[in-house]
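Once you know that position 175 of the first sequence is 424 in my numbering, the rest is easy, because the numbers rise by one and skip nothing. The beta-carbon is built from N, C-alpha and C at its ideal position, and this holds for glycine as well. The structure displayed is predicted, hence computed values, not measured ones. Below is one structure, written out as structure tokens; comments come after it.
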Amino acid sequence: MVVSTMPELPEVETVRRSLATHIEGARIIAVEGQSINMRRPLDVAMLKTQLIGRQFVGFFRRGKYLMLYTRPNGCLLMHLGMSARLLLVKPSQPVEAHSHLKLRLNDDRELRFVDPRRFGFAVWLNDGEEDHDPSLSKLGPEPLGNDLEMALPPRLKSRRASLKSLLLNQEIVAGVGNIYATEALWRAGIKPTRKGANTSISRLKNLATHIREVLLEAIDQGGTTLRDYANLQGFAGYFAVQLAAYGRQGLGCKRCGSVLKNTPIGGRATVWCTNCQR
DNA sequence: CCAGTATCCTGCAGGC
DNA sequence: TGCCTGCAGGATACTG
250 MVVSTMPELP
260 EVETVRRSLA
270 THIEGARIIA
280 VEGQSINMRR
290 PLDVAMLKTQ
300 LIGRQFVGFF
310 RRGKYLMLYT
320 RPNGCLLMHL
330 GMSARLLLVK
340 PSQPVEAHSH
350 LKLRLNDDRE
360 LRFVDPRRFG
370 FAVWLNDGEE
380 DHDPSLSKLG
390 PEPLGNDLEM
400 ALPPRLKSRR
410 ASLKSLLLNQ
420 EIVAGVGNIY
430 ATEALWRAGI
440 KPTRKGANTS
450 ISRLKNLATH
460 IREVLLEAID
470 QGGTTLRDYA
480 NLQGFAGYFA
490 VQLAAYGRQG
500 LGCKRCGSVL
510 KNTPIGGRAT
520 VWCTNCQR
């Protein structure tokens, strides 16, 4: 069984829920893998020492980070980077390429961390270390709460960078990636190159609303599935959020009909409508 | 401090 | 068919 697809906040949240459904209470009886360099080094010896014998008891998400809590107390902190998947399979199932970490569970299943590009990571945190972890400690506010309209505008208004690059900055708001930044700006009718400082507070509040809504819609739909990655895993059932901008360069704007343009910002594809995003 | 660029890595699609 | 280039949902070290 596949428990994950791909990683912006909605996809990570979908993984979190799937883990909670399928492995809560499971005990880790073996850990396999090879220590390699990932975004943070994968230390299999350390993970063996810490994880074997522990039981999964809770699953949290902060931005795009996943936290798998255990008893005795501790936490496996993971990030899926650009290309990581978590698979929950029978141990006898053939091992996929780039399966860097395998956690054997006490019920004839195995959780596999598969990441071809190695931009993700999995590290052990002792009880309480979350607060000081370099990946977690600088994250901006969570975007799903009803207070985002209060929290986000001042953090954007004080900056001279483009709103598109500001939204991708996890210190400003946690969990927004290239797809949903693109979609939220389209929904809000704001041009991605507009600078934070040059945007009115009321427009920034509106942007905050659209960020929350597009993320919640995507979570509701089980995370946007791109390309046919999930299909390859036999998961044809997912359906994507109706993307209005991302990936639609050259096609007509769903609001005004103008041809959508792609203007790379910071090397990232940025699709927008030159007519109705101002 | 801030903004913008380079970099890590593999896989895949498209052009020739 | 095969080779080459560019691009991909991210985060961060570095430069100016």
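Distance check for P390 and L397, CA to CA, integer angstroms please.
By one-based count along the first sequence, residue 397 stands at place 148. By one-based count along the first sequence, residue 390 stands at place 141. Spanning the two alpha carbons is a distance of roughly 8 angstroms.
Among the residues of its own chain, which have a CB less than 8 angstroms from the CB of I301, if the five just before and after it don't count?
Counted from its first residue, the first sequence places residue 301 at position 52. Here the set comprises I277, I278, A279 and V280.
Which residues in the same chain have their Cβ closer than 6 angstroms to the Cβ of L434, if we skip the five residues on either side of it in sequence?
Taking the first sequence and counting its residues from 1, one reaches residue 434 at position 185. Cβ contact annotation for L434 (same chain, cutoff 6 angstroms, sequence separation greater than five): P441, in chain order.
CB of L464 within 9 angstroms of CB of L352, strictly:
One-based indexing of the first sequence puts residue 464 at position 215. One-based indexing of the first sequence puts residue 352 at position 103. Contact: no.
Which listed residue (F309, G323 and R436) has its alpha carbon closest to that of T270:
For the purposes of this step, residue 270 is taken as the residue at position 21 of the first sequence. T270 has its Cα closest to that of F309, out of F309, G323 and R436.
To which residues of the same chain is L385 closer than 7 angstroms at the C-beta, ignoring the five residues directly before and after it?
Numbered from 1 along the first sequence, position 136 holds the residue referred to as residue 385. R311, Y314 and E379, listed in sequence order.
I450 and P402 look like a contact to me (Cβ under 8 angstroms); what is the Cβ gap, rounded to whole Å?
For the purposes of this step, residue 450 is taken as residue 201 along the first sequence, with counting starting at 1. For the purposes of this step, residue 402 is taken as residue 153 along the first sequence, with counting starting at 1. Yes, I450 and P402 are in contact; Cβ-Cβ is about 5 angstroms, under 8 angstroms.
Do the region 362 to 372 and the region 280 to 289 make contact, defined as three or more Cβ pairs closer than 8 angstroms?
With three or more CB-CB distances shorter than 8 angstroms, the region 362 to 372 counts as touching the region 280 to 289.
Going straight from the alpha carbon of N524 to that of H328, what length do you get?
The residue labelled residue 524 in the question sits at position 275 within the first sequence. The residue labelled residue 328 in the question sits at position 79 within the first sequence. If I take the Cα positions, the gap works out to 37 angstroms.
Ordered along the chain, which non-local residues of its own chain (more than five positions away) have a Cβ less than 7 angstroms from that of Q299?
Residue mapping note: residue 299 aligns to position 50 of the first sequence, counting from 1. The residues are G323 and W373.
By DSSP, does V261 sit in helix, in strand, or in coil?
Counting from one through the first sequence, the residue named residue 261 turns up at place 12. DSSP places V261 in helix when its eight states are reduced to three.
Coil, strand or helix - Q299 by DSSP:
The residue given as residue 299 occupies position 50 in the first sequence. It is helical.
When A400, E273 and G438 are compared against E420, the one with the closest alpha-carbon
Position 171 of the first sequence holds residue 420. Ranking A400, E273 and G438 by Cα distance to E420 puts A400 first.
If we call anything under 9 angstroms between Cβ atoms a contact, is R320 one with H347?
Sequence index remark: in the first sequence, residue 320 carries index 71 (1-based). Sequence index remark: in the first sequence, residue 347 carries index 98 (1-based). Against a cut-off of 9 angstroms, the Cβ pair of H347 and R320 comes out as no contact.
Within the same chain, show all residues whose beta-carbon is closer than 8 angstroms to that of R452, passing over the 5 residues directly before and after it, in chain order.
Translated into positions along the first sequence, residue 452 becomes position 203. A437 and I439.
Please go through the region 337 to 376 and give each complete beta strand (DSSP E) segment of 3 or more residues, from N-terminal end onward.
348 to 354, 359 to 363 and 370 to 375
Does the beta-carbon of D477 have 16 or more other beta-carbons within 10 angstroms, so that it is buried, or is it exposed?
Sequence index remark: in the first sequence, residue 477 carries index 228 (1-based). Low confidence applies here, because D477 scores a pLDDT of 33, under 50, leaving its location unreliable and the question unanswered by this model.
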